[in-house]
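Participant: Note that the working numbering has the sequence shown beginning at -2, numbered continuously upward.
Yeah, the Cβ is synthetic: ideal placement off N, Cα and C, and Gly gets one too.
Computed from a predicted structure; not experimentally measured.
Below you'll find the structure I mean.
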Amino acid sequence: MRASGILMPIFSLSSEYGIGTLGKKAYEFVDFLEKAGQTYWQILPLGITGFGDSPYQSVSTFAGNPYFIDLDELIKGGFLEKSEIEGIKWCKDSSKVDYELMYKNRYRVLKIAFSRFKNNTPSDYKKFEKENSFWLNDYSLYAAIKDYHNGASFDYWEKGYKSREAEFIKKAENELGDSIAFHKMLQYFFSSQWFKLKEYANNKGIYIIGDIPIYVALDSADVWSNPKQFLLDEDFCPIAVAGCPPDAFSDDGQLWGNPLYNWDYMKKDGYSWWINRIGYSAKLYDIVRIDHFRAFSAYYSIPAGEKTAANGKWIKGPGRNFFDVAQKKLGKLNIIAEDLGTIDEPVRKLLKYTGFPGMKVLQFAFDPESESSYLPHNIIKNCVVYTGTHDNDTIIGFMKDAKASQIEFMRKYLRIGDSDSFNWEVIKAALASSADTVILQMQDFLGLDNSARINTPATSGDNWVWRIADGCINDWLAKIIKENTKLYYRLPSKDKLK
């Protein structure tokens, strides 16, 4: 089925509180998608942001980001009063998320809500605790001990806490009860608001594409509570870390620093941690995009302590066996495979074996020196086409930095005249392609430049901060998007009947 959708991070939505939330503006965006004739809303990982404010470096693969909790909903529920959040400075610039102010002010407000939550626990809270106990107990304990250590990474904790010695765990449970309960409350509010929003979207015919980062952060509840699943030494330090070899983004490669998986151990226990992860993600989202899919075929391993990624090597991953086991335990997997970067024949064969759609990015297509598989005339049906992902520039930003020969090739290939808008012509090329699914960045519909870029790989600072201006999401734009969606036969079936 031909369909399309829009990539728009939750944090990029407008709101009064310095960051996009699961509140009113999120519901308005769902309404906008419906009016625009879209089928999908693709978001970025919902996890708690860690190092560099990146959602791909979360302290938990299961826990949701408390910054996304809508404060107005807490006011309606009687957990906050409007006067308690009025006058708080949430950001210095409404076009950017200020994570320092978020950390300083959001948790202070949420602790006020906790003071009321303790004496007015919702009736469905115990059910939430029970259904999520397989991750919630470890996560909330980890978060409470982390707070006790003033936010220090767990590898700097006292040895007893770091190695989860029974005496220290019992001590934490006894002495940090309020802190543990606070973090559980945050996850309850996040979960309640998220599933309410998802149900609203699904009822409107909008389906959520979520994102699983391939790796987790070293300083995470996942590594702390499941150390045998990762390649660590006796002091819980990584033996080798993840990254990418030198490429177009960086001459030194990308040194991500995440601990690598102990795939031999994982295979012996039936990939239980991954099965729980994918199964939970399948509840959170309608479709799951697995970031860096190629690591299941072979992953790039960099010796711990290296300053760059240049001296890494490729090591064979779990391959077909992993997906055979996952499908046997979970049923049909509704997955998009992010197959960008260094792709070889074994990766292609694994992708074909799974049947998952891969990704094609038009910004990578227009090389005047060689014919790219990303060019619209080469794109196959079973894939998802993007003008750009969160790791790419906007179309307008891309055009500013592209070589003159590349721009000339694009003009000829897409038949772009001097008066045409580059962003719309590239959008139309994506929509016109043979791909079953097209996902377009919200910034490109607005014709924004690189100031609206989400992330620049291999850099730190000023990433993950872009926020849309209030009023940009409107019926006028929805009408134009729907007209183009209809032109290329990508409207949902309910609209095709109209």
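So for R408, helix, strand or coil by DSSP?
Facilitator: helix
Participant: Have a look at V344, M407, H146 and G385 and flag the residue whose alpha-carbon is nearest the alpha-carbon of E368.
Facilitator: M407
Participant: Rounded to whole angstroms, how far is the Cβ of K310 from the Cβ of S298, which I believe are closer than 8 Å?
Facilitator: 6 Å
Participant: Which of the three DSSP states is assigned to V344 in this structure?
Facilitator: In the structure shown, V344 sits in a helix (DSSP, three-state: H, G or I).
Participant: Looking only at its own chain, which residues have a Cβ that is under 6 Å from the Cβ of S247, when we skip the five neighbours before and after it?
Facilitator: A455
Participant: For M(-2), does the count of other Cβ atoms within 10 angstroms reach 16, so buried, or fall short, so exposed?
Facilitator: exposed
Participant: Considering only residues of the same chain and omitting the five flanking positions on each side of P242, which have a CB-CB separation below 7 Å?
Facilitator: G250, Y297, A306, G309 and T339
Participant: Please give the ranges of any alpha helix (DSSP H) in the stretch 356 to 420, keeping only runs that are unbroken, at least 4 residues long and fully inside the region.
Facilitator: 392 to 398 and 401 to 411
Participant: How big is the Cα-Cα spacing for D388 and F76?
Facilitator: 38 Å
Participant: Among K409, F361 and I333, whose alpha-carbon lies nearest the alpha-carbon of T351?
Facilitator: I333
Participant: Which whole runs of the alpha helix (DSSP H) in the stretch 24 to 88 are 4 residues long or more, in chain order?
Facilitator: 68 to 73
Participant: Please return the same chain residues whose Cβ sits closer than 7 Å to the Cβ of F233, not counting the five positions on each side in sequence.
Facilitator: So the list reads D152, K159 and P224, once near-sequence residues are dropped.
Participant: Any contact between the stretch 104 to 112 and the stretch 77 to 85? By contact I mean 3 or more CB pairs, one from each, below 8 Å.
Facilitator: yes
Participant: With 16 other CB atoms within 10 Å as the buried threshold, where does F192 fall?
Facilitator: exposed
Participant: Relative to the C-alpha of F353, which candidate in P119, N379 and I166 has its C-alpha closest?
Facilitator: N379
Participant: Under the three-state reduction of DSSP, which class applies to G240: helix, strand or coil?
Facilitator: strand
Participant: Under DSSP, the alpha helix (DSSP H) around N273 begins and ends at which residues?
Facilitator: S269 to L281
Participant: Excluding five sequence neighbours on each side, which residues of the same chain lie with their C-beta closer than 7 Å to the C-beta of A292?
Facilitator: I211 and G314
Participant: May I ask you to report which of helix, strand or coil DSSP gives N452?
Facilitator: coil
Participant: Assign R317 to one of two classes, buried (16 or more other C-beta atoms within 10 Å of its C-beta) or exposed (fewer than that).
Facilitator: exposed
Participant: First and last residue of the beta strand (DSSP E) that includes S91?
Facilitator: It is not in any beta strand (DSSP E) - S91 carries neither H nor E in the DSSP assignment.
Participant: Using 9 Å as the threshold, is the C-beta distance between G17 and F187 below it?
Facilitator: no
Participant: For N375, tell me which candidate among K400, L411 and S430 has the shortest Cα-Cα distance.
Facilitator: S430
Participant: Count the other CB atoms, across all protein chains shown, that sit within 10 Å of the CB of L359; report buried if there are 16 or more and exposed otherwise.
Facilitator: buried
Participant: So the alpha helix (DSSP H) Q440 belongs to, where does it begin and stop?
Facilitator: DSSP places Q440 in the uninterrupted alpha helix (DSSP H) bounded by M439 to F442.
Participant: Buried or exposed: which applies to L327, given that a residue is buried once 16 or more other Cβ atoms fall within 10 Å of its Cβ?
Facilitator: L327 is exposed by the Cβ-count criterion.
Participant: In terms of residue numbering, what span does the alpha helix (DSSP H) encompassing K310 cover?
Facilitator: It is not in any alpha helix (DSSP H) - K310 instead sits in the beta strand (DSSP E) that spans K310 to K313.
Participant: According to DSSP, which residues form a beta bridge with F227?
Facilitator: Y258
Participant: Do G34 and T434 have their C-beta atoms closer together than 9 Å?
Facilitator: Not closer than 9 Å, so no.
Participant: Counting C-beta neighbours from all protein chains within 10 Å, is the total for A198 16 or more, i.e. buried, or is it exposed?
Facilitator: Buried is the call here.
Participant: Span of the alpha helix (DSSP H) holding L138?
Facilitator: Run containing L138: S130 to Y145, per the alpha helix (DSSP H) assignment.
Participant: Check each candidate in I392, K101 and L194 and name the one with the smallest Cα separation from K21.
Facilitator: L194
Participant: Buried or exposed for N331, going by 16 or more other Cβ atoms inside 10 Å?
Facilitator: exposed
Participant: Can you list, in chain order, the residues of its chain with a C-beta nearer than 6 Å to that of Y383? Leave out the 5 residues immediately preceding and following it.
Facilitator: V358 and I436
Participant: Would G207 and Y282 qualify as a contact pair, given that the criterion is a beta-carbon distance under 9 Å?
Facilitator: yes
Participant: How is F302 classed by DSSP in three states: helix, strand or coil?
Facilitator: The residue asked about is misnamed: residue 302 is Gly in this sequence, not Phe. DSSP places G302 in coil when its eight states are reduced to three.
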